[in-house]
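Accompanying notes for the structure given below.
Structure (structure tokens):
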């Protein structure tokens, strides 16, 4: 019997759009014959969406579900915004998110191979393939993150699921504390910080940024002529300015009455008012289609290309 490699499973999955376990099983049954395994998947209905596998699914929604001190944010992509607004699609995404909430899966492959909570005769992948067939578009379970807090969690969803945020807070849970944390979740959605605080920023990142800034200065005819001490000061100042933009606690709190109060100072204020020291342990921010190439559908250009073909 031919050895089934991870690369073979990966290739078959990309060709067919079927789940990892289905591909592995098909390859085993077909003694490693890729074409035969592909046909077997088609026959079993696991490759119903094979013709859609090459399409770009960069729309969709981010769904956040919370239960107690545990929260899950899940991104599921579709090809069009129209499908993202479909009630069946949204219900399906919520069910998958709840399945993750009550499961120990840590990867998409594990999720797809897991038994469907509502029908143990099916896997999550089986239900996903059925949804693809129902919707008529390529759908992609892209990513998820699960957060269990020692303190409490809050969530915020923006734009009907365009952005999903979870904030893990330390401190005593109260209405005032949850309101403050929700305000921060909204800020994270709007301003997209990369870190909670400067302590999370690696020395390598800082060194890399300084290297880029130095190169920019040296390529400027005027700035490059300044003394080394001045140039170093310019670099430090620009790095500090960047950190204020990418670190949540350094950002100006968007609801600050004086327009200057930082998020860190806002948390100090709320901590005093609630009698409990509040701090942000971590946050997760998903934005639909983030990092994915989107289709550029230019009908005029398409017609022109066909005419010139």
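In this note's numbering, the protein residues as written are 1126 to 1434. The beta carbon of each residue, even a glycine, is placed where N, CA and C say it ideally should be. Every value quoted in this text rests on a predicted model; they were computed, and no experiment measured them.
Contact check, residue i vs residue j, beta carbons under 8 Å
i            : j            : result
residue 1276 : residue 1298 : yes
residue 1438 : residue 1201 : There is simply no residue 1438 to check, as the chain begins at 1126 and stops at 1434 in what is shown.
residue 1266 : residue 1292 : no
residue 1282 : residue 1189 : yes
residue 1183 : residue 1362 : no
residue 1399 : residue 1332 : no
residue 1271 : residue 1313 : no
residue 1137 : residue 1161 : no
residue 1236 : residue 1249 : yes
residue 1373 : residue 1388 : yes
residue 1342 : residue 1348 : yes
residue 1203 : residue 1166 : no
residue 1379 : residue 1338 : no
residue 1191 : residue 1269 : no
residue 1286 : residue 1186 : yes
residue 1205 : residue 1164 : no
residue 1241 : residue 1252 : yes
Bridge-paired residues (DSSP) for residue i
i            : result
residue 1184 : 1203
residue 1294 : 1277 and 1405
residue 1372 : 1320
residue 1283 : 1288
residue 1410 : 1290
residue 1387 : 1377
residue 1266 : 1201
residue 1271 : 1197
residue 1192 : 1195
Of the listed residues the options, nearest to residue i (C-alpha basis)
i            : options                   : result
residue 1411 : 1155, 1150, 1190 and 1199 : 1199
residue 1195 : 1211, 1227 and 1165       : 1227
residue 1145 : 1336, 1397 and 1234       : 1234
residue 1401 : 1331, 1238, 1294 and 1376 : 1294
residue 1409 : 1273, 1301 and 1245       : 1273
residue 1336 : 1350, 1356 and 1317       : 1356
residue 1377 : 1318, 1162 and 1204       : 1318
residue 1304 : 1166, 1315 and 1280       : 1280
residue 1288 : 1339, 1316 and 1300       : 1316
residue 1306 : 1203, 1204, 1167 and 1392 : 1392
residue 1147 : 1186, 1350 and 1238       : 1238
residue 1405 : 1134, 1390 and 1359       : 1390
residue 1153 : 1375, 1134 and 1330       : 1134
residue 1396 : 1417, 1300, 1340 and 1407 : 1300
residue 1193 : 1169, 1149 and 1278       : 1278
Closer than 8 Å to chain D by CB, residue i
i            : result
residue 1305 : The chain labelled as chain D is not found in the depicted structure, where only one protein chain is given.
Quick one: which unbroken alpha helix (DSSP H) runs of 4-plus residues sit fully inside the stretch 1195 to 1264? Chain order, please. 1206 to 1209, 1212 to 1226, 1233 to 1238 and 1249 to 1260
Can we say the stretch 1155 to 1163 touches the stretch 1130 to 1139, given the rule of at least three CB pairs closer than 8 Å? yes
Sufficient close CB pairs (3 or more, under 8 Å) joining the stretch 1315 to 1324 to the stretch 1367 to 1374: Between the stretch 1315 to 1324 and the stretch 1367 to 1374, the count of Cβ pairs shorter than 8 Å is three or higher; the stretches touch.
Should the stretch 1200 to 1220 be regarded as contacting the stretch 1242 to 1260, the criterion being three or more beta carbon pairs within less than 8 Å? yes
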